[in-house]
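J.: The following block contains the structure, expressed as structure tokens.
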Amino acid sequence: GAGVSQSPSNKVTEKGKDVELRCDPISGHTALYWYRQSLGQGLEFLIYFQGNSAPDKSGLPSDRFSAERTGGSVSTLTIQRTQQEDSAVYLCASSLRSRNTGELFFGEGSRLTVL
Amino acid sequence: DAKTTQPTSMDCAEGRAANLPCNHSTISGNEYVYWYRQIHSQGPQYIIHGLKNNETNEMASLIITEDRKSSTLILPHATLRDTAVYYCIVRVPSRSNDYKLSFGAGTTVTVRA
Chain A
1 GAGVSQSPSN KVTEKGKDVE LRCDPISGHT ALYWYRQSLG QGLEFLIYFQ
51 GNSAPDKSGL PSDRFSAERT GGSVSTLTIQ RTQQEDSAVY LCASSLRSRN
101 TGELFFGEGS RLTVL
Chain B
1 DAKTTQPTSM DCAEGRAANL PCNHSTISGN EYVYWYRQIH SQGPQYIIHG
51 LKNNETNEMA SLIITEDRKS STLILPHATL RDTAVYYCIV RVPSRSNDYK
101 LSFGAGTTVT VRA
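Chains A and B supply the protein sequences, listed in that same order.
Residue 1 is where the first sequence starts when you use the working numbering, and the numbers rise one by one after that.
Residue 1 is where the second sequence starts when you use the working numbering, and the numbers rise one by one after that.
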């Protein structure tokens, strides 16, 4: 399809384990974003990638969280030593920065449950 | 970003227009009004945005009051698939912050047959 693709759609892990979440943005979109949404809560910004610029990591809640974007396309969000409070839906979005309209196209998210 | 206030929930009859209000009394001159929605178990979906003129697209219409302190999202013919949480946010679409979206609780819209 032509939308943002995320995997896995669901992940259950034990406290203390590391997890990796993957995002495939829309082809041609130069900007990629990670957010998380806890149950019943609004959206929380995590990290932003734009082209070859240094990412904005200001939303990452702790140093257990990291993300990379290889080749300006696919991105991986890694959470080390997961905690129960990390349980949430992790959403990836992409956009055409050149349009600058604020339109973000979201994937369906990866639901993480830390036991 | 300016704060917005939306009703917690509203019901709408299928086939009728749904009018979703949003108050943003502290909006500044260069802030746009954006609407997104989130259908259960899906990611947020962009709907529409505007600065001061009314806007219309294939999904909805956005009516912004002359003083820009409030706006209304109109879904002209609501369907059951429009059941979702609708978020109104105001922000300046700039290179420095246009990705730092944060949604509040939004309005839970339930379309009933």
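C-beta: ideal position from N, C-alpha, C; glycine also.
Give the DSSP-derived three-state secondary structure of V4/A in the structure shown.
T.: As a first step, residue 4/A must be located in the first sequence, where it is residue number 4. V4/A falls in the coil class under three-state DSSP.
J.: Taking Cβ-Cβ distances below 9 Å as the criterion, which residues of the region 42-54 of chain B are in contact with chain A?
T.: Residues Q42, G43, P44, Q45, Y46, H49.
J.: Looking at the strands, I want to know which residues DSSP matches up with V90/B.
T.: Residue numbering aside, residue 90/B sits at position 90 when the second sequence is read from its first letter. DSSP, once it has assigned bridges, lists V33/B as partnering V90/B.
J.: If I measure Cβ to Cβ from G16/A and keep anything under 6 Å in the same chain, skipping five residues before and after, which residues do I get?
T.: The sequence position of residue 16/A within the first sequence is 16, counting from 1. Contacts found: R81.
J.: Enumerate in chain order the residues of its own chain whose CB-to-CB distance from C23/A is below 6 Å, with the five nearest sequence positions on each side excluded.
T.: Against the first sequence, residue 23/A aligns to sequence position 23. Excluding positions up to five away in sequence, the list reads Q6, S75, C92.
J.: Which stretch, first to last residue, makes up the beta strand (DSSP E) that contains R36/A?
T.: Locating residue 36/A in the first sequence gives position 36, where the first residue counts as 1. That run of the beta strand (DSSP E) goes 31-37.
J.: When the cut-off is 7 Å and only beta carbons count, does G29/B lie next to chain A?
T.: Translated into positions along the second sequence, residue 29/B becomes position 29. Closer than 7 Å: no.
J.: Indicate the three-state DSSP secondary structure (helix, strand or coil) for R16/B in the structure shown.
T.: The count along the second sequence starts at 1 and reaches residue 16/B at position 16. Three-state DSSP puts R16/B in coil, outside helix and strand.
J.: State yes or no: is the beta carbon of R99/A nearer than 7 Å to at least one beta carbon in chain B?
T.: Position 99 of the first sequence, counted from the first residue, corresponds to residue 99/A. With a pLDDT of only 47 at R99/A, under the threshold of 50, the placement of this residue in the model should not be trusted; the figure read from the coordinates follows. No, no contact with chain B.
J.: If I follow the unbroken beta strand (DSSP E) through K11/A, where does it start and stop?
T.: Against the first sequence, residue 11/A aligns to sequence position 11. Unbroken beta strand (DSSP E) run through K11/A: 10-13.
J.: Does DSSP put Q84/A in a helix, a strand or coil?
T.: Residue mapping note: residue 84/A aligns to position 84 of the first sequence, counting from 1. Helix.
J.: Please report whether the beta-carbon of F106/A lies at a distance below 7 Å from any beta-carbon of chain B.
T.: As a first step, residue 106/A is located in the first sequence; it is residue number 106 there, counting from the start. Interface residue, yes.
J.: Please list, in chain order, the chain B residues whose beta carbon lies closer than 7 Å to that of E103/A.
T.: Within the first sequence, residue 103/A is the residue found at index 103, counting from 1. Those are Y46, listed as they occur along chain B.
J.: Give me the Cα-Cα distance between T110/B and G40/A, rounded to the nearest whole angstrom.
T.: Start at 1 with the first residue of the second sequence, and residue 110/B comes out as number 110. Start at 1 with the first residue of the first sequence, and residue 40/A comes out as number 40. For T110/B and G40/A, the distance between alpha carbons rounds to 16 Å.
J.: Do the region 64-74 of chain B and the region 13-20 of chain B meet, that is, are 3 or more Cβ pairs less than 8 Å apart?
T.: Judged by Cβ distances under 8 Å, the region 64-74 of chain B makes contact with the region 13-20 of chain B, as three or more pairs qualify.
J.: Which first and last residues belong to the beta strand (DSSP E) in which S75/A is found?
T.: Within the first sequence, the letter at position 75 stands for residue 75/A. 75-79 is the span of the beta strand (DSSP E), which, as asked, contains S75/A.
J.: Which residues, in order along the region 6-34 of chain B, keep a beta-carbon less than 8 Å from a beta-carbon of chain A?
T.: Cβ contacts with chain A: Y32, Y34.
J.: Exposed or buried, which one is D63/A when buried takes at least 16 other CB atoms within 10 Å?
T.: Counting from 1 along the first sequence, the entry for residue 63/A is found at position 63. Looking at its Cβ environment, which holds fewer than 16 other Cβ atoms inside 10 Å, D63/A is exposed.
J.: Can you tell me the Cα-Cα spacing of F49/A and G29/B, whole angstroms?
T.: Position 49 of the first sequence, counting from 1, holds the residue named residue 49/A. Position 29 of the second sequence, counting from 1, holds the residue named residue 29/B. Approximately 28 Å between the Cα atoms of the pair.
J.: Which residues does DSSP pair with D24/A in a beta bridge?
T.: As a first step, residue 24/A must be located in the first sequence, where it is residue number 24. D24/A pairs with S5/A.
J.: For V19/A, collect the residues of the same chain with a Cβ closer than 8 Å to its Cβ; drop the 5 residues on either side in sequence, then sort them by chain order.
T.: Along the first sequence, one-based indexing puts residue 19/A at 19. Only K11, T13, T78, I79, T82, L112 meet the Cβ criterion.
J.: List the residues of chain A whose Cβ lies closer than 9 Å to the Cβ of A105/B, in chain order.
T.: In the second sequence, counting from the first residue as 1, residue 105/B sits at position 105. Ordered by position in chain A, the residues that pass the 9 Å Cβ test against A105/B are G40, Q41, G42.
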